[in-house]
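First up is the structure itself, then whatever we jot down about it.
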Amino acid sequence: MTQCARLTGRAAHLYDAGPAILSGGWVVGPVHAYQAMNSSHCTPASPARRTRVGIVGYGSSGRRFHPYLLGRVPELELAAVASRSIERRALAEQQHGVATYETVDEMLRRDTIDLVVVATPHNTHCPIACRVMEAGTHCVVEKIMCLNGAEAEAMIAASRHNGVLLSVFQNRRWDWDFLTVKKAIDDGLIGAPYLFEIARFGYRAQGGWRGDRVAGGGILFDWGAHFIDQALQLVPGEVASVSCDVQYRGWGAEIGSYARLLLRFTGGVLYSIEIGNLARYAKPHWLVLGERGSLVKHGFDPQEAAMLAGTIEAAVEDPANRAKITTEVGGLVTEMVVESVRSDWTYYYRNIADVLAGRAELIVKPEEAARAMAVIDAAMESARTVAPVRLGKESR
Ligand SMILES: NC(=O)c1ccc[n+]([C@@H]2O[C@H](COP(=O)([O-])OP(=O)(O)OC[C@H]3O[C@@H](n4cnc5c(N)ncnc54)[C@H](OP(=O)(O)O)[C@@H]3O)[C@@H](O)[C@H]2O)c1
3 MTQCARLTGR AAHLYDAGPA ILSGGWVVGP VHAYQAMNSS HCTPASPARR TRVGIVGYGS
63 SGRRFHPYLL GRVPELELAA VASRSIERRA LAEQQHGVAT YETVDEMLRR DTIDLVVVAT
123 PHNTHCPIAC RVMEAGTHCV VEKIMCLNGA EAEAMIAASR HNGVLLSVFQ NRRWDWDFLT
183 VKKAIDDGLI GAPYLFEIAR FGYRAQGGWR GDRVAGGGIL FDWGAHFIDQ ALQLVPGEVA
243 SVSCDVQYRG WGAEIGSYAR LLLRFTGGVL YSIEIGNLAR YAKPHWLVLG ERGSLVKHGF
303 DPQEAAMLAG TIEAAVEDPA NRAKITTEVG GLVTEMVVES VRSDWTYYYR NIADVLAGRA
363 ELIVKPEEAA RAMAVIDAAM ESARTVAPVR LGKESR
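Residues in the sequence shown are numbered from 3 upward in steps of one, following the numbering used here.
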């Protein structure tokens, strides 16, 4: 019997026209936050109005990513922006005609906001998200979820206690390269994979809060947040142990200029993630070795440039970056170049709208992001102690 649940508390005001039915998979709250119902009582939710969304932080992500992607989902409406800067508030009013506030607290007090998107530096994610959820408001947090596993637990507790949705904006689950690698593996093109090597190299300083260890967390917390999430999605089983080395050179003296992280999965799969900001050489983005073949892919997902140009669906990948697969077909070793799987970051918010309407299971679950934070905790300990760190049973 499928379990559904009725959202109670302040968040239920979204659904004036009827009870909000959330799919069983989404329900993360304790029994008291939801009224369990069996499937025969589930009726399609019919929101009386669009979900009113507020963004906190009108920087690069808050200004360039979220308004555009939210605007592509009819059930979601950008209604307000909280920014500490008077210029940015004026810009948000001019660009989107929305109400603006100096702080998230003022926004929640004076406006009717159903969902808040937190697009601020990493060390502010946990405190801001918890305040949002304590006010009975759903919350999407930019990646990385927070600074450590303890903060992740606090955020999940706030979500459960208040019976509201919590998710992390892991848009790179919809990256073309990630989906192409996943499809090649799922289609059995390279046999059982046993080694992944992911790299992102460049020669660039991390400026602003990203270059501040307290605010950003360090080199692993930016692209590492995407790559660890992808690893946990691609490889079945649990992470048995983690080794991590960080080099602190040049402009990375405070947060690290190079990091190499190795995840060892219980099934034996090795997953290496390298991030270098002091590297005048680009390794392939992906190298995957399987028992029957290999996959190599250069370059990064093309959606950002297309999104900034106003048409994410027009994204085009350089054909030179298509995945090259060497494998055995009919007894012959063959090389093939495969078309990338096209996708769209909008699917993240499409899913959020569907979850709030009771039509779907949440794709990016907070427990998954917390699992990634446990890997980050272990990686930081490994880098400090220069030794592998075993992970306990990854529950959740
Ligand atoms: N998923 C992705 O692909 C992606 C891409 C880019 C960034 N991100 C993530 O988005 C988040 C923001 O990054 P960003 O590149 O947008 O940084 P950013 O351009 O520096 O913008 C961050 C904004 O946060 C606000 N802020 C700064 N310090 C704050 C504080 N102490 N308390 C409250 N608000 C503060 C500021 O906005 P106001 O001045 O308006 O208050 C600032 O403009 C990070 O988590 C980052 O990892 C994700």
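The beta-carbon is built from N, C-alpha and C at its ideal position, and this holds for glycine as well.
>> Quick check: the segment 299-312 against the segment 169-180, are at least 3 beta-carbon pairs closer than 8 Å?
In response: These segments touch.
>> For S259, tell me which candidate among G220, S245 and G210 has the shortest Cα-Cα distance.
In response: Numbered from its first residue, the sequence shown carries residue 259 at position 257. When each option's Cα is compared against that of S259, the closest is G220.
> Hey, how far is the Cα of G239 from the Cα of F267?
Replying inline: Numbered from its first residue, the sequence shown carries residue 239 at position 237. Numbered from its first residue, the sequence shown carries residue 267 at position 265. Cα to Cα, the separation comes out at about 6 Å.
> Mind checking whether the beta-carbon of S63 lies closer than 7 Å to any heavy atom of ligand 1?
Replying inline: If you number the sequence shown from 1, residue 63 lands on position 61. Taking the Cβ of S63 as the reference point, at least one heavy atom of ligand 1 falls within a distance shorter than 7 Å.
> Which residues bound the alpha helix (DSSP H) around H300?
Replying inline: One-based indexing of the sequence shown puts residue 300 at position 298. Segment: none, H300 is in no alpha helix (DSSP H) and carries neither H nor E.
> Thinking C-alpha only, which one of Q172, H140 and I146 is nearest R162?
Replying inline: As a position in the sequence shown, residue 162 is number 160, starting the count at 1. Looking at the Cα atoms, H140 is the closest of the given residues.
>> Helix, strand or coil, according to DSSP, for W347 in the structure here?
In response: Here residue 347 refers to the residue found at position 345 when the sequence shown is read from its first residue. It is coil, neither helix nor strand.
> Where does G213 sit, in a helix, a strand or coil, going by DSSP?
Replying inline: Working through the sequence shown from its first residue, we reach residue 213 at position 211. DSSP places G213 within a helical segment (H, G or I) once states are collapsed to three.
>> If the criterion is Cβ atoms closer than 8 Å, does the pair M418 and L110 meet it?
In response: In the structure as shown, the chain begins at 3 and stops at 398. Residue 418 is therefore absent and cannot be evaluated.
>> If you measure between the beta carbons of V2 and V366, is that distance less than 8 Å?
In response: Nothing about residue 2 can be reported from this structure: the residues present for the chain run from 3 to 398 only.
> By Cβ distance below 7 Å, which residues in the same chain neighbour T122 in space, the five residues on each side in sequence not counted?
Replying inline: Against the sequence shown, residue 122 aligns to sequence position 120. Excluding sequence neighbours, T122 sits near V58, G59 and I130.
> Helix, strand or coil: which one does DSSP assign to S62?
Replying inline: For the purposes of this step, residue 62 is taken as residue 60 along the sequence shown, with counting starting at 1. The three-state secondary structure of S62, taken from DSSP, is helix.
> Is the beta carbon of F223 sitting closer than 8 Å to the one on I200?
Replying inline: Mapped onto the sequence shown, residue 223 falls at position 221. Mapped onto the sequence shown, residue 200 falls at position 198. No, the Cβ-Cβ distance between F223 and I200 is not below 8 Å.
>> What I want to know is whether the C-beta of I146 ends up closer than 7 Å to one or more non-hydrogen atoms of ligand 1.
In response: Position 144 of the sequence shown, counted from the first residue, corresponds to residue 146. Judged by the Cβ position, I146 qualifies as a neighbour of ligand 1 at the 7 Å threshold, a heavy atom of the ligand being closer than this.
>> Taking the straight line between their C-alpha atoms, what separation do you get for V55 and A81?
In response: For the purposes of this step, residue 55 is taken as the residue at position 53 of the sequence shown. For the purposes of this step, residue 81 is taken as the residue at position 79 of the sequence shown. In this structure, the CA atom of V55 is about 5 Å from the CA atom of A81.
>> Within 8 Å, do at least three Cβ pairs link the segment 63-77 to the segment 346-358?
In response: Contact between the segment 346-358 and the segment 63-77 is present, because at least three Cβ pairs lie under 8 Å.
> Considering only C-alpha positions, which residue in the set M157, R361, I115 and A380 is nearest to P368?
Replying inline: Here the question's residue 368 lines up with position 366 in the sequence shown. For the options M157, R361, I115 and A380, the alpha carbon positioned closest to that of P368 is the one of M157.
>> Does the segment 187-206 come into contact with the segment 283-301, if we say contact requires no fewer than three beta-carbon pairs (one atom in each stretch) closer than 8 Å?
In response: Verdict: yes, contact present.
> Around the C-beta of T387, are 16 or more other C-beta atoms found within 10 angstroms, so that it is buried, or is it exposed?
Replying inline: Here residue 387 corresponds to residue number 385 of the sequence shown, with the count starting at 1. Exposed is the call here.
> How far does the beta strand (DSSP E) with T126 in it reach, from first residue to last?
Replying inline: Mapped onto the sequence shown, residue 126 falls at position 124. In the DSSP assignment, T126 falls outside any beta strand (DSSP E) and lies within the alpha helix (DSSP H) extending over H124 to E136.
> What's the gap between the Cα of A154 and the Cα of A325?
Replying inline: Position 152 of the sequence shown, counted from the start, is the residue given in the question as residue 154. Position 323 of the sequence shown, counted from the start, is the residue given in the question as residue 325. Take the alpha-carbon of A154 and the one of A325: they are about 35 Å apart.
>> My assumption, with CB atoms under 8 Å, is that L149 sits in contact with N125. Please give the rounded CB distance.
In response: To locate residue 149, count along the sequence shown from 1; it is residue 147. To locate residue 125, count along the sequence shown from 1; it is residue 123. Right, the Cβ-Cβ distance comes to about 6 Å (below 8 Å), so this counts as a contact.
> Do the CB positions of L393 and A242 come within less than 8 Å of each other?
Replying inline: Reading the sequence shown from its first residue, position 391 is the one you call residue 393. Reading the sequence shown from its first residue, position 240 is the one you call residue 242. In this structure, A242 lies closer than 8 Å to L393 by Cβ.
> Between which two residues does the alpha helix (DSSP H) containing P69 stretch?
Replying inline: Stepping through the sequence shown from its first residue, residue 69 is reached at position 67. From DSSP, the alpha helix (DSSP H) with P69 extends over H68 to L72.
> For the candidate residues L358, A380 and I378, whose alpha-carbon lies nearest to that of A116?
Replying inline: As a first step, residue 116 is located in the sequence shown; it is residue number 114 there, counting from the start. According to the sequence provided, residue 116 is Asp. The question's Ala does not apply to it. Nearest C-alpha to D116 among L358, A380 and I378: L358.
> Nearest-angstrom Cα distance between V143 and L280?
Replying inline: Here residue 143 refers to the residue found at position 141 of the sequence shown. Here residue 280 refers to the residue found at position 278 of the sequence shown. V143 and L280 have their C-alpha atoms roughly 29 Å apart.
>> Less than 6 Å between C-beta atoms, sequence neighbours within five positions excluded: which residues of the same chain meet that for D231?
In response: Here residue 231 refers to the residue found at position 229 when the sequence shown is read from its first residue. Excluding the 5 residues flanking it on each side, D231 has same chain C-beta neighbours closer than 6 Å at Q172 and A374, in chain order.
>> Assuming the contact rule is C-beta atoms closer than 8 Å, V413 and A380 should be a hit. Round their C-beta distance to whole Å, please.
In response: What is shown of the chain runs 3 to 398, which leaves residue 413 out entirely.
> Taking 7 Å as the cut-off, does the CB of H124 come closer than this to any heavy atom belonging to ligand 1?
Replying inline: Here residue 124 refers to the residue found at position 122 when the sequence shown is read from its first residue. Yes; taking the cut-off as 7 Å, the Cβ of H124 has a heavy atom of ligand 1 nearer than that.
>> Just to confirm my understanding: we take E293, look at its own chain, exclude 5 residues before and 5 after, and list those with CB closer than 6 Å. What are they?
In response: Walking along the sequence shown from the start, residue 293 turns up at place 291. Result list for E293: G193 and A194, in chain order.
> Under 7 Å from any heavy atom of ligand 1, does the C-beta of G213 make it?
Replying inline: The residue you call residue 213 lines up with position 211 of the sequence shown. No.
> Under the criterion of a Cβ to heavy atom distance below 7 Å, does S87 qualify as lining ligand 1?
Replying inline: Numbered from its first residue, the sequence shown carries residue 87 at position 85. Indeed, a heavy atom of ligand 1 lies less than 7 Å from the Cβ.
> Straight-line CA distance for K145 to V331?
Replying inline: Against the sequence shown, residue 145 aligns to sequence position 143. Against the sequence shown, residue 331 aligns to sequence position 329. Computed Cα separation, rounded: 40 Å.
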